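Asks:
In UniProt numbering, the protein residues as written are 1 to 62.
1. Report the three-state DSSP secondary structure of residue 11 (helix, strand or coil).
2. Alpha carbon to alpha carbon, how far is residue 9 from residue 18? Give it in angstroms, no decimals.
3. What residue range does the beta strand (DSSP E) around residue 49 cover?
Okay, here's the thing in C-alpha cells:
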C-alpha cells in the first residue's frame, strides 16, 4: 500500500495507538530524471521518446 502527500499524516494519525503503525516505512519519493531513449515494440517503427527509468535498466542496441 503506497500512501502519498497529505494522506500520510491522516493514515498515521488514524493508526496512532495501533501496533499496525510499526509496519509502515517512511521513504522519500523517487523523482527520476527523464532521458531520451529508443522504444522498440513488435510491429512498430523504432521511436525516440522521453523515458523514466524506475529500476536503472539500461537500453541496448540489438
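By construction, the Cβ of each residue, glycine as well, lies at the ideal position given by its N, Cα and C atoms.
Only a predicted model underlies this, so the values are computations on that prediction, with no experimental measurement involved.
Replies: So, from the listed chains and residues:
1. If you number the chain shown from 1, residue 11 lands on position 11. The answer is helix: DSSP assigns residue 11 an H, G or I state.
2. Here residue 18 refers to the residue found at position 18 of the chain shown. Here residue 9 refers to the residue found at position 9 of the chain shown. Distance between the alpha carbons of residue 18 and residue 9: 15 angstroms.
3. Here residue 49 is taken as the residue at index 49 of the chain shown, counted from 1. Where residue 49 is concerned, the enclosing beta strand (DSSP E) stretches over 47-51.
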